[in-house]
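Colleague: Chains as they are written, first to last, in UniProt numbering: chain A, 1 to 389; chain B, 1 to 389.
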DNA sequence: ACGTCAGGGTCAAAGGTCGG
DNA sequence: TCCGACCTTTGACCCTGACG
């Protein structure tokens with residue numbers, strides 16, 4: 001026993017709990033607060049005394065102090081790298097069975113779903129980087145967190161837009177194939193999800209990639225060319241898709257300080273859409289969606305608790321999910337844009353684009369998707385992406 | 001359970017309190033007396049009976065007897081180093097934080113937001129009922145919870161669809177006007193929200209109204225006529241809007257057992273869309289949206305806690321919010337349907353419909369909305385709804 | 001094997017609520 | 001106003017599983 005005093009209330013400590021030396025009272029209080037997702041509100045000035053005798057007077061300030069003292073619900077240090085302390089971090093775990101009652105063999109302990117999604121994302125970003133290195137002179141794109149070289153960036157042409165969409169589609173399929181929950185689905189359902197999600201997920205990706213830009217009213221395409229709001233209308237953006245992406249998605253993402261974890265979660269949630277057209281096994285898709293949703297909500301709550309003082313993080317999961325309706329609407333308009341562009345012969349629509357973006361009424365010829373789905377991951381992707389050059 | 005009789009008044013005891021076996025009454029009396037430092041004085045001989053029926057006759061004697069029975073106001077152990085007295089000692093503690101639980105009056109003074117929304121909804125439903133009573137032979141619709149009379153229901157005609165949309169728009173404006181958060185907005189922003197939300201909110205309303213139907217693949221329009229999935233395609237539903245409403249909204253709502261509270265919350269969240277076109281005061285709209293979101297998430301968590309065994313309620317807020325992207329997409333298609341129907345002269349588009357559903361690019365002539373917004377609630381609504389007859 | 005640490009749960013006895 | 005039936009929260013104490 002190194003220390004004896006509770007870092008929260010100065011009572012006698014009983015050891016380290018959730019990352020902080022604390023007493024049994026503060027330990028129990030913290031667990032209950034996390035478990036029941038309590039959101040307390042201070043009735044005074046947010047600076048109430050939290051001492052042994054007064055600790056029950058204000059739960060908001062007590063919880064605040066727990067967090068300040070280092071208590072964590074998932075133990076992940078908020079923004080620091082910690083590859084070492086991945087072992088042994090404190091955490092509020094899942095509820096256990098009641099003591100004294102019969103045990104129900106519970107299944108858990110598997111790797112966090114959201115971490116898996118981050119890995120899948122990193123894989124695809126590496127793929128993209130290597131492709132871009134070969135097709136342009138830009139620095140590789142490191143998972144949306146690299147600083148931007150404005151000097152190197154150039155404005156997108158109509159051709160860039162078409163190529164970018166094509167690239168994104170190829171990467172999208174690779175991404176999907178790397179998700180276990182996807183691979184277990186029937187072939188037809190795979191096609192349904194790909195077709196139903198392509199446009200939205202491309203828009204989501206473009207938006208997330210663009211939050212690091214500091215130049216106003218501009219988005220960053222998949223091949224790292226830039227597309228400004230006004231410029232876009234000259235290259236076929238009849239529906240102001242670019243403007244809407246910036247106003248309705250990129251700026252809100254910036255305000256919310258959306259991070260990579262949240263991005264990959266939203267992407268997967270969007271993708272596993274059980275009510276997508278022609279989906280036969282809705283339950284399987286729904287299960288996958290809800291599994292991601294559960295991880296996502298948990299992480300949002302954790303993040304909110306680590307940032308109690310910052311209102312941005314309150315109701316975080318809801319705020320982020322509310323980006324999706326706009327996203328859906330914009331994606332639909334993007335499809336219209338592409339349809340119109342094809343109608344006027346402005347853009348060269350290849351078969352993959354036709355299959356995934358222009359969702360026709362007719363039951364699609366599954367040839368193209370079959371080919372993409374059948375090929376093993378990483379095999380000649382570069383070749384496939386560059387085939388358009 | 002050690003003893004059963006209160007040592008102070010012989011009432012039934014509820015356990016040991018402050019060091020004495022006692023009832024809840026004596027427990028509460030002792031706490032209040034100590035907390036408020038009451039000094040009672042006996043008006044008789046200091047030997048009043050303290051029994052269940054007479055205990056409130058003399059507070060001085062009651063408190064005296066509490067103390068005699070062993071109640072202690074301060075359990076400070078005689079010495080700090082008495083490791084033996086680790087047993088809990090009775091004490092009146094300091095005042096704690098408010099917990100706010102018991103039904104009705106809610107936390108921090110102001111009425112719960114979601115309750116306000118339910119009231120607004122009920123008001124509009126009453127309005128609708130009275131309108132329908134005058135224009136059809138159907139029983140009044142009681143807030144979505146009345147049983148359906150299949151014999152009385154009839155299939156919707158194209159005319160019904162147009163009328164239904166018009167009715168919904170009028171009620172939509174009335175509903176918005178009844179929300180305080182709406183009335184505080186600038187005139188232009190009001191128009192922006194109404195235009196941006198009309199289609200989605202009509203679809204949401206139709207869907208929620210339809211969950212009580214037990215007949216398959218059918219929705220219930222605002223004037224209580226029925227519209228089947230197949231039948232709809234014959235009356236201008238080119239985009240399969242009806243089918244999508246059923247598959248993507250109504251059925252998921254049924255699976256989730258969505259209730260009225262959740263419906264009104266989603267409606268308001270959808271309505272207060274800060275990124276709607278032409279909105280100048282995004283912050284005000286966002287504040288309104290997030291206020292509803294907060295109430296909504298809180299209620300979802302409460303509902304989940306009440307139904308721990310039922311998996312349906314896990315992540316409830318997220319599951320419900322995920323109805324909105326589909327809803328948005330469908331609403332957009334409904335707009336297209338209406339546009340096409342007008343193009344082919346199939347439907348009579350009145351000015352309100354033109355203004356709210358067919359969001360043109362041109363900055364709209366604010367005449368029509370101004371009129372609607374200016375008129376006091378409840379004034380000649382019936383006349384306005386029936387103007388089309 | 002066995003103690004320590006840090007998760008989890010329990011439930012008596014504190015607390016607060018609010019109609020009467 | 002105060003009372004007290006009824007509810008929630010607290011925290012001392014105990015159980016469990018991982019690790020050395």
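A virtual CB, placed ideally from N, CA and C, is assigned to each residue, including glycine.
Let me know the secondary structure DSSP gives residue 17/B once reduced to three states.
Modeller: strand
Colleague: Using a Cβ-Cβ cut-off of 6 Å (strictly less than) and excluding sequence neighbours within five positions of residue 222/A, which residues of its own chain qualify?
Modeller: Excluding sequence neighbours, residue 222/A sits near 164, 167 and 168.
Colleague: Check the DSSP bridge columns for residue 12/A and list the partner residues they point to.
Modeller: 5/A
Colleague: Any residues in the segment 295 to 327 of chain B with a beta carbon nearer than 8 Å to a beta carbon of chain A? Which ones, in chain order?
Modeller: Here the close residues are 296, 297, 298, 301, 305, 314, 315, 317, 318, 319, 321, 322, 324, 325, 326 and 327.
Colleague: Got a sec, what are the start and stop residues for the beta strand (DSSP E) residue 228/B sits in?
Modeller: Residue 228/B -> beta strand (DSSP E) spans 226 to 228.
Colleague: Counting only beta-carbon atoms, is residue 94/B nearer than 8 Å to chain A?
Modeller: yes
Colleague: In whole angstroms, what is the alpha-carbon distance linking residue 254/B and residue 214/B?
Modeller: 11 Å
Colleague: Can you name the start and end residues of the alpha helix (DSSP H) that residue 34/A belongs to?
Modeller: 24 to 35
Colleague: Measuring straight from C-alpha to C-alpha, what distance separates residue 20/A and residue 8/B?
Modeller: One C-alpha to the other measures close to 44 Å.
Colleague: How would you list, in chain order, the residues of chain A whose beta-carbon sits under 7 Å from the beta-carbon of residue 275/B?
Modeller: Near residue 275/B (Cβ distances below 7 Å), the residues of chain A are 247, 248, 252 and 326.
Colleague: Would you mind telling me which residues of chain A sit closer than 8 Å to residue 293/B, beta carbon to beta carbon, in chain order?
Modeller: 315, 318, 319 and 322
Colleague: Tell me the DSSP bridge mates of residue 218/A?
Modeller: 228/A
Colleague: Straight-line CA distance for residue 312/B to residue 301/B?
Modeller: The alpha-carbon atoms of residue 312/B and residue 301/B are separated by roughly 12 Å.
Colleague: Which value, in whole angstroms, describes the spacing of the CA atoms of residue 160/A and residue 247/A?
Modeller: 22 Å
Colleague: Distance cutoff 8 Å, beta carbons only. Does residue 58/A sit that close to anything in chain B?
Modeller: Yes, because at least one Cβ of chain B sits closer than 8 Å to the Cβ of residue 58/A.
Colleague: Who are the near neighbours of residue 117/B in its chain, counting only those whose CB is closer than 6 Å to its CB and skipping five residues on each side?
Modeller: 264 and 268
Colleague: Give me the Cα-Cα distance between residue 420/B and residue 219/B, rounded to the nearest whole angstrom.
Modeller: Look at the range of chain B in this structure, 1 to 389, and you will see that residue 420/B is not part of it.
Colleague: Going along the chain, which residues of the segment 199 to 215 of chain A sit with their C-beta nearer than 7 Å to a C-beta in chain B?
Modeller: none
Colleague: Within its chain, find whatever has a CB closer than 6 Å to the CB of residue 121/A; leave out the 5 residues flanking it on each side and keep chain order.
Modeller: 264
Colleague: If you follow the alpha helix (DSSP H) that residue 65/B is part of, which residue opens it and which one closes it?
Modeller: Residues 59 to 68.
Colleague: Along the chain, where does the alpha helix (DSSP H) that runs through residue 209/A open and close?
Modeller: 187 to 210
Colleague: What residue range is occupied by the uninterrupted alpha helix (DSSP H) comprising residue 44/B?
Modeller: Element bounds for residue 44/B: n/a, residue is neither H nor E.
Colleague: From residue 225/B to residue 205/B, what distance separates their C-alpha atoms?
Modeller: So the two alpha carbons sit approximately 14 Å from each other.
Colleague: I want to know whether the segment 194 to 201 of chain B touches the segment 268 to 288 of chain B - three or more CB-CB distances under 8 Å.
Modeller: With the cut-off at 8 Å, the segment 194 to 201 of chain B and the segment 268 to 288 of chain B touch.
Colleague: Do you know how far the Cα of residue 266/A is from the Cα of residue 286/A?
Modeller: 14 Å
Colleague: Of the choices 371/B, 99/B, 280/B and 71/B, whose alpha-carbon is the least far from that of residue 90/B?
Modeller: Distance from the Cα of residue 90/B is smallest, within the candidate group 371/B, 99/B, 280/B and 71/B, for 71/B.
Colleague: Please determine, among 35/A, 304/A, 66/A and 330/A, the residue with the shortest C-alpha to C-alpha distance to residue 6/A.
Modeller: Ranked by Cα distance from residue 6/A, the first of 35/A, 304/A, 66/A and 330/A is 66/A.
Colleague: Would you say residue 332/B faces chain A, with C-beta separation under 8 Å as the test?
Modeller: yes
Colleague: Is the shortest distance between the beta-carbon of residue 257/A and the beta-carbons of chain B less than 8 Å?
Modeller: no
Colleague: Whose Cβ in chain A lies nearer than 7 Å to the Cβ of residue 97/B?
Modeller: 56, 57, 58 and 59
Colleague: Along chain B, which residues have their Cβ under 9 Å away from the Cβ of residue 53/A?
Modeller: 93 and 94
Colleague: What does residue 329/B reach in chain A if we use C-beta pairs closer than 8 Å?
Modeller: 328, 329 and 332
Colleague: Express the C-alpha separation of residue 186/B and residue 351/B in angstroms, rounding to a whole number.
Modeller: Rounded to whole angstroms, residue 351/B and residue 186/B show a C-alpha spacing of 22 Å.
Colleague: Would residue 180/B be called buried (16 or more neighbouring beta carbons within 10 Å of its own) or exposed?
Modeller: exposed
Colleague: Going along chain A, which residues have a C-beta under 7 Å from residue 40/B?
Modeller: Result: empty, since nearest Cβ-Cβ is about 27 Å, beyond 7 Å.
Colleague: Mapping the DSSP letters down to three states, classify residue 91/B as helix, strand or coil.
Modeller: Here residue 91/B sits in coil by DSSP.
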